[in-house]
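Going by the working numbering, 254 is the number at position 158 of the sequence shown; the sequence numbering is gapless.
One structure is given here, and the rest of the page talks about it.
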Amino acid sequence: MVELHGGVLGGKFDHERTLAPIKPLNATQAAYIAALKTHPQTIVLGPAGTGKTWIAAAHAADLYRQRRIGRIILTRPNVPAGRSLGFFPGTLEEKFAPWAAPVVETIRERIGRGAFDIAVKNGDIEMVPFEVMRGRSWSDAFILLDEAQNATLLEMKTFLTRLGEDCTAVVNGDVSQCDLKETSGLAQVIAMIREKELPVPIVEFGADDIVRSGVCAMWVRAFAELEEA
């Protein structure tokens, strides 16, 4: 369901690697890809296994590879560590890396390992925890907020007001999997978009859109039925 209201190695990308274009596997994926290509901001919702994170990461990598953006910014709320990364050893990026692993793997595959390593070293690909987001602003970038259902309303405001010129932003989440004790900030933002008819597409995947495996779809449906009961 879709709602719409109102890579550099030695200075060059590795073009020898053949990349398959991002092809939708169902109608919802097609709507999602279309929204990414035509709008600066997209909210995508749905259960695990629907490809919503992979498509965002692959699209970001392709934009970077084609030099249509200069940076890729990755972020997500840090609920499992008690909303603080200080319990883990290492730098902020090292602490944040495990949560960004699925996205990082996709980007690395799309632009090549060497290009990816140099992009990270140059700051073209950056992981930015919410703890250090205040005061930042981004332009000429693709920004992905993953697991957004675990962001508070204040965190959603902080993220959405960082976006500058020539940015493409994806807010990705599953409001049914919120780990917060308070109302999900993502759910409140969605309500705001609908109430104020803001021009932000909302793409919603369902259990029938799961492409990871039949087993994944089976368990998503089973847990959904349990939660409803």
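Even for Gly, the Cβ is constructed at its ideal location relative to N, Cα and C.
Please state whether the Cβ-Cβ distance between residue i and residue j is less than 8 angstroms.
i: ILE168; j: ALA265; result: no
i: PHE255; j: LEU240; result: no
i: VAL199; j: LEU170; result: yes
i: VAL307; j: LEU121; result: yes
i: ALA152; j: ARG206; result: no
Spatial neighbours of residue i within its chain, please: CB distance less than 8 angstroms, with the 5 preceding and 5 following residues excluded, ordered by chain position.
i: LEU105; result: Residue placement at LEU105 cannot be trusted, given a pLDDT of 39 that sits under 50; what the coordinates show is reported in the next sentence. Only GLY208, GLY210, ALA211, ILE214 meet the Cβ criterion.
i: THR279; result: LEU249
i: GLY219; result: ARG167
i: MET46; result: As displayed, the chain neither begins before 97 nor continues past 325, which places residue 46 out of reach and without an answer.
What's the C-alpha gap between residue i and residue j?
i: ARG204; j: VAL267; result: 21 angstroms
i: LEU294; j: ILE286; result: 10 angstroms
i: VAL316; j: ALA156; result: 27 angstroms
i: GLU321; j: LEU159; result: 39 angstroms
i: PHE319; j: LYS148; result: 20 angstroms
i: VAL311; j: GLN273; result: 19 angstroms
i: ALA130; j: ARG258; result: 24 angstroms
i: GLN284; j: TYR128; result: 21 angstroms
Using only alpha-carbon positions, find the residue among the options that is nearest to residue i.
i: ARG161; options: ARG290, LEU240, LEU115, LYS292; result: LEU115
i: GLU300; options: PRO117, ILE118, THR138; result: THR138
i: LEU276; options: LEU259, GLU251, GLY147, GLY310; result: GLU251
i: ASN174; options: TRP234, ILE298, MET223, ARG258; result: MET223
i: GLU261; options: ALA127, LEU121, PRO136, PRO120; result: PRO136
Among residues of its own chain, excluding the 5 on either side of residue i, which ones have a beta-carbon nearer than 6 angstroms to its beta-carbon?
i: TRP195; result: ARG172
i: THR124; result: PHE301, ASP305
Might you give, ordered along the chain, the residues of its own chain that have their beta carbon closer than 7 angstroms to the beta carbon of residue i, omitting 5 neighbours on each side?
i: GLY269; result: LEU141, GLU243, ALA244, GLN245, LEU282
i: TRP150; result: THR202
Does the beta-carbon of residue i have 16 or more other beta-carbons within 10 angstroms, so that it is buried, or is it exposed?
i: ARG290; result: exposed
i: GLY231; result: exposed
i: THR146; result: buried
i: ALA197; result: exposed
i: PRO117; result: exposed
i: ALA126; result: exposed
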